[in-house]
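Data block below; observations after.
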Amino acid sequence: MKRGVQGNTSRELSTRRSMRRRRAATQHRESNLKHIRAVVLGQDGVGKSALTVRFLTRRFIGEYDSTLETTQSHYLTVEGQFVCLDILDTAGKNTKEKIEACISNASLIFLLYSTTSRDSFNEANWISKALQDSRNLLPNAAIVTVATKSDLKQSREVHEYEGLFLAQDLESSFFQISISEGFQETQEVLTEGIRMCFNKDSDRGRSSTLSRVKEGLRGTAKSLRKKTPTEGVYESRGNAGYPLPSAHAYKQWLSTRTIMRRRRSSIQHNPGHHQHSLKSIHAVVLGKDGVGKSALTVRLITRRFIGEYDVALEATYRHHIAIDGQFVSIDIMDTAGKNSRDKMDTCLAFGEIFFIVYSTTDRTSFDEARLIVKYIQQDKTVQPSPFIVIIATKKDLKHLQQVDEEEGRYLAQDCEGLFFQVSISEGYQEVQDMFEETLRTCFNKEKNKSTLSRMKEGIMNVKTKSLRKKSIVEAMSTEHIRPTTLGQTTSPVTTAT
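Residue numbers (my numbering): 506 to 1002.
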């Protein structure tokens, strides 16, 4: 019996240590975070959405919505630097006004064309000229030219050297990849683009240092210059004896100042740049393989549905969402493989919200969901108690149904959690509503707990004060104190014998 108690104590201590290390690592990452805004440009059908989803989830999607334009956040480490990458996946027809709006405040641009489409290459050429003529293009913006569908050699219409010439005109890097064949190629594209941003920033830092040195020399020259009677030779306000800038230079300075002001305002209103105003929540998706855990996670992050997945791929994603005016950063751990005891302990140390997923077409997945719920409820190391959400997937396959809806609802009632029955493949809105309702319920639960704790604390304070007063009155009544006059000392009352 003692051995069992010691084993539970050691397991609890190790879990707490891992939670402390994880929190410390998260705080360190967020304090050293570098934000990069990226834009993916190109003709429809060249693989912009496929490239973006590969960046975010390591998975490839064949179907896409050509009208869906989204901005996604991706966290990664490049050369020891933690990076928050906001990727704008553009859609629809490319006009000059649209390109101007998209590249505003962008520090990284991916220009895509397909090797199997001459029209897409011609449009990439047109976009490159629009970028070169644009006033919104930041001077330190990095550009990466990407030729997609390199595996379809029998359908090739654009040679590699044409893409190289295009990249030379833009002074950009050039990659020729196949998004469908592997994740490693797309990862190299992303890493190279971020490295280019780092180099541009360092070059800008060196140039700004040089400009500050020059400005200091100008100030020194101004202080050493003696006043002369020829006041009309030099302008005494601002230029320190140097000729005034031309009208063109003045306009350029005004446009640069306007761009920088827009950038500052966008940073102030962008929740990704305000880490202290974000509410951070850790969530874990658990369940048997094949029930749709990865499909659910990817649907929430990218709004897209994937049919194929890697059963051995376990990853953690970060997603930003606004709930009733409150910006929330949710870290989602998408689990894979067998749900062993060690794995469950790791998940319990990480998560605050647990999404337990089962399939309505698989009775064994429901049985495993019940075991997972039981394990979470029996574990006492997690404080405060975790919030559990039961999710039944594949509700559209009614002809294959093996688990009734009421069984899932009863399971959710037993663990005092929420229940949802969804079809991930049929639409995004259902998944979005589910996550929003979960977060709202979780927030309300926290508010009620904090209100109750404040009420208890107030009652305890009142009780403590009343007990103190009572003890003081009792102490004074038991003592016999003789009244004293000025200059006399007190003495206890004595009785004559």
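Glycine included, every Cβ here is placed at the ideal spot set by N, Cα and C.
DSSP, reduced to helix, strand and coil, places T621 outside both helices and strands of the structure shown, so it counts as coil.
Residue pairing by DSSP places A647 opposite L613 in a beta bridge.
In this structure, the straight-line span from the alpha carbon of K950 to that of E942 is close to 12 Å. A contact is defined here as three or more CB-CB pairs under 8 Å, and the stretch 784-799 meets this definition with respect to the stretch 836-851. Of the other Cβ atoms in all chains shown, 16 or more fall within 10 Å of the Cβ of Y618; this residue is therefore buried.
Here the alpha carbons of A897 and T557 stand approximately 28 Å from one another. Beta-bridge partners assigned by DSSP to C589: H540 and Y580. Beyond the five residues adjoining it in sequence on each side, K848 comes within less than 8 Å, by CB distance, of T840 and G842 in the same chain, given in chain order. In chain order, L801, R804, L805, V927 and I929 place their CB closer than 8 Å to the CB of V936, counting only its own chain and leaving out the 5 sequence neighbours on each side.
Spatial neighbours of F680 in its own chain (CB-CB distance under 6 Å, excluding positions within 5 residues in sequence) are listed in chain order as V651 and V694. For K634 and I699, the gap between their C-alpha atoms comes out near 23 Å. In the displayed model, A820 falls within a strand according to three-state DSSP. Straight across, the Cα-Cα distance linking E931 with D674 is about 44 Å.
Secondary structure of K784 (DSSP, three-state): strand.
Straight-line measurement puts the Cα of A543 at about 21 Å from the Cα of I835.
Around the beta-carbon of L853, 16 or more other beta-carbon atoms lie within 10 Å, marking it buried.
Membership of Q883 in the alpha helix (DSSP H) is indicated by the continuous run R868 to Q883. Nearest Cα to E910 within the set D656, A647 and T865: T865. Judged by DSSP secondary structure, T595 falls outside any alpha helix (DSSP H); it is assigned neither H nor E. By the neighbour-count criterion, in which a residue is buried when 16 or more other Cβ atoms sit within 10 angstroms of its Cβ, H787 is buried. Look at Q637 here: in three-state DSSP terms it is helix. Our two residues, L902 and D867, have alpha carbons roughly 11 Å apart in a direct line.
If you ignore the 5 residues before and after C920, its C-beta comes within less than 7 Å of the C-beta of V878, Q882 and I893, all in its own chain and listed in chain order. Per DSSP, the continuous alpha helix (DSSP H) segment holding A917 begins and ends at E910 to D919. DSSP places F892 in the uninterrupted beta strand (DSSP E) bounded by F892 to T898. A contact is defined here as three or more CB-CB pairs under 8 Å, and the stretch 591-601 meets this definition with respect to the stretch 565-579.
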